[in-house]
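Inspection log for the structure reproduced underneath, given as structure tokens.
In the working numbering, the protein residues as written are 140 to 242.
Given below as structure tokens:
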């Protein structure tokens, strides 16, 4: 399994689907399914029964997962692909558009 190019907390731009051109912060990364949950993107309505956690119940709006192939990393306001390079013994992410290290 290869390393995920996008991590929790990154800012990404949606490049396909109903929310195309929207940007948001990554909240959850699921490596097994190659999906991400992005803040304010791919919103769904969920009908919830009353429970201990949600005493009222009702309709809840929440984000649904988006496939990793439908997002691009945003570096300094510009969407870019992400690559890897070796910095000594350490593997670091690199923005392909600028060649700068991400983290």
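Backbone N, C-alpha and C define an ideal beta-carbon position, used for all residues, glycine too.
Predicted model only: the values in this text are computed from it and were never measured.
Beta strand (DSSP E) segment containing residue i, residue limits
i, result
"residue 202", "197–202"
"residue 183", "182–187"
"residue 174", "174–177"
Buried or exposed by the 16-neighbour rule on C-beta atoms within 10 Å, applied to residue i
i, result
"residue 200", "exposed"
"residue 181", "buried"
"residue 147", "exposed"
"residue 214", "buried"
"residue 160", "exposed"
Closest residue to residue i among the options (Cα-Cα distance)
i, options, result
"residue 172", "221, 165, 207 and 213", "207"
"residue 154", "196, 183 and 209", "209"
"residue 158", "168, 165, 190 and 179", "179"
"residue 163", "197, 226 and 202", "202"
Contact check, residue i vs residue j, beta carbons under 8 angstroms
i, j, result
"residue 240", "residue 219", "no"
"residue 211", "residue 170", "no"
Cβ separation of residue i and residue j, assumed to be a contact under 8 angstroms, to the nearest whole Å
i, j, result
"residue 205", "residue 175", "6 angstroms"
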